[in-house]
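Working notes, beginning with the structure itself.
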Amino acid sequence: MTRRSRLALSALQYLLAYLLASGADIWTTLLALRAYGVHEGNSFLASPDGLALARSWIATGLGAAFLTALYLFGIAHAHDVEPHWLRRPRRSFLRFYVNPWRRLDRAPLHAIAYAQAFVALRGLAAANNWSLAENGPGPLGDLVGWCARQLGSMPGYTLAIGGVYLLLTLAVTPLAVATVRLAMEDLPRPSPRGDRARLAQG
Numbered sequence: 095m096t097r098r099s100r101l102a103l104s105a106l107q108y109l110l111a112y113l114l115a116s117g118a119d120i121w122t123t124l125l126a127l128r129a130y131g132v133h134e135g136n137s138f139l140a141s142p143d144g145l146a147l148a149r150s151w152i153a154t155g156l157g158a159a160f161l162t163a164l165y166l167f168g169i170a171h172a173h174d175v176e177p178h179w180l181r182r183p184r185r186s187f188l189r190f191y192v193n194p195w196r197r198l199d200r201a202p203l204h205a206i207a208y209a210q211a212f213v214a215l216r217g218l219a220a221a222n223n224w225s226l227a228e229n230g231p232g233p234l235g236d237l238v239g240w241c242a243r244q245l246g247s248m249p250g251y252t253l254a255i256g257g258v259y260l261l262l263t264l265a266v267t268p269l270a271v272a273t274v275r276l277a278m279e280d281l282p283r284p285s286p287r288g289d290r291a292r293l294a295q296g
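Residue numbers for the sequence shown follow my numbering, so the first one is 95 and each next one is one higher.
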C-alpha cells in the first residue's frame, strides 16, 4: 500500500469514528428532549421544537471536514514529532501557539489529540443525553446550565464545553502518542524537497 493510500485509509477511519459519535450525540439529544424539563443547551442549535436538526448536521459536516483534515495533518507529519514530546506529551501543551497546522516539532501530536478528543466529547455528550432520556442525571448539562446562568447562554455553553474538551484533550494524549508511534512505523518518512528549514522549536 502506498503512502497516499495509507493516509486515505487513516482519514476514512477517523471520519467514520467522528460520524458515529456525532450521530449518536444527535440521536440521543432527540431522545433526551422528550424528557420533562430537558432543553438543548447550545442556543445556536436550539429551535422551538427542541433541536434544529438540519443545522446540527451542517455543523457536524463542517466539523468533520476540519477535524479530519487536522487528523490527517497529524498522521502525515508524525515523523516530525520530537521523541521527548512522546515521552512527556502533556508537557508539550505548555508551549502555546495558535495555528494548529504550524510546522512545529509537537504540532502533529497535538493535531491528533485535538481530533480524537472531539470524538470523545461527542461520545460523552451522547452518554449524558442517554442518561437524561432514561430520567437519570445529566452532569454535562448541569455544568452547561450553571455556566449559562453565570455568563449567559452562549458564553456559558462555550466555557463549559470548551473546558471539558480541553480536559479530554489531555486525557486522550496517551492514545495520540500511540497513534503517532503507529503512524511512524506504518508510513514511510516523506522525502525532503530541497533545503527545507528545520522545524521550529518555539
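Here a beta-carbon is modelled for each residue, glycine too, at the ideal position from N, C-alpha and C.
Computed from a predicted model, the values in this text were never measured in an experiment.
Go ahead and label residue 210 buried or exposed: buried means 16 or more other beta carbons lie within 10 angstroms of its beta carbon, across all protein chains shown.
By the neighbour-count criterion, in which a residue is buried when 16 or more other Cβ atoms sit within 10 angstroms of its Cβ, residue 210 is buried.
Cα-Cα separation between residue 169 and residue 181, rounded to whole angstroms:
The alpha-carbon atoms of residue 169 and residue 181 are separated by roughly 18 Å.
If you run the structure through DSSP and keep just helix, strand and coil, what is residue 290?
With a pLDDT of 48 at residue 290, under the threshold of 50, the modelled position of that residue is not reliable, and the figure given next carries that caveat. Coil at residue 290, not helix or strand.
Should residue 228 be labelled buried (16 or more other beta-carbon atoms within 10 Å of its own) or exposed?
Flag for residue 228 reads exposed.
Excluding the 5 residues preceding and the 5 following residue 266 in the sequence, name in chain order all residues of the same chain whose CB lies nearer than 8 Å to its CB.
Contacts found: 207, 210, 211, 214.
Between residue 195 and residue 167, how many whole angstroms is the CB-CB distance? I'm expecting something under 8 Å.
Contact holds; Cβ gap of about 6 Å.
Between which two residues does the alpha helix (DSSP H) harbouring residue 123 extend?
Unbroken alpha helix (DSSP H) run through residue 123: 97–126.
Could you please give the first and the last residue of the uninterrupted alpha helix (DSSP H) stretch that includes residue 155?
Where residue 155 is concerned, the enclosing alpha helix (DSSP H) stretches over 147–170.
How many angstroms separate the CA atom of residue 116 from the CA atom of residue 216?
Taking the straight line from one Cα to the other gives about 6 Å.
Going by C-alpha distance, which of 270, 253, 239, 158 is nearest residue 131?
It is 239 whose Cα lies nearest to the Cα of residue 131.
Grab the span of the alpha helix (DSSP H) containing residue 134 for me, first residue to last.
Going by DSSP, residue 134 is part of no alpha helix (DSSP H) at all; its letter is neither H nor E.
In the structure shown, what three-state DSSP assignment does residue 139 receive?
In the structure shown, residue 139 falls within a coil segment according to DSSP collapsed to helix, strand and coil.
I'd like the ranges of any alpha helix (DSSP H) spanning at least 4 consecutive residues and lying wholly in the segment 233–288.
Runs found: 233–245, 247–265, 267–280.
Are at least three pairs of beta-carbons, each pair with one atom in the segment 140–152 and one in the segment 119–131, less than 8 Å apart?
The segment 140–152 is in contact with the segment 119–131.
Since residue 264 and residue 184 are thought to touch, with beta carbons under 8 Å apart, how far apart are those beta carbons, to the nearest angstrom?
Confirmed, about 6 Å.
Figure out for me which residue from 135, 105, 111 has the closest Cα to the Cα of residue 234.
Selection 135, 105, 111 evaluated against residue 234 yields 135 as nearest (Cα-Cα).
Suppose you measure from the CA of residue 187 to the CA of residue 257; what does that come to, to the nearest Å?
Approximately 15 Å between the Cα atoms of the pair.
Let me make sure I understand the geometry here. Which of 133, 248, 163 has the alpha-carbon closest to that of residue 102?
Of the listed residues, the one whose Cα sits closest to residue 102 is 163.
Candidates 241, 282, 114, 277: which alpha carbon is nearest residue 154's?
Of the listed residues, the one whose Cα sits closest to residue 154 is 114.
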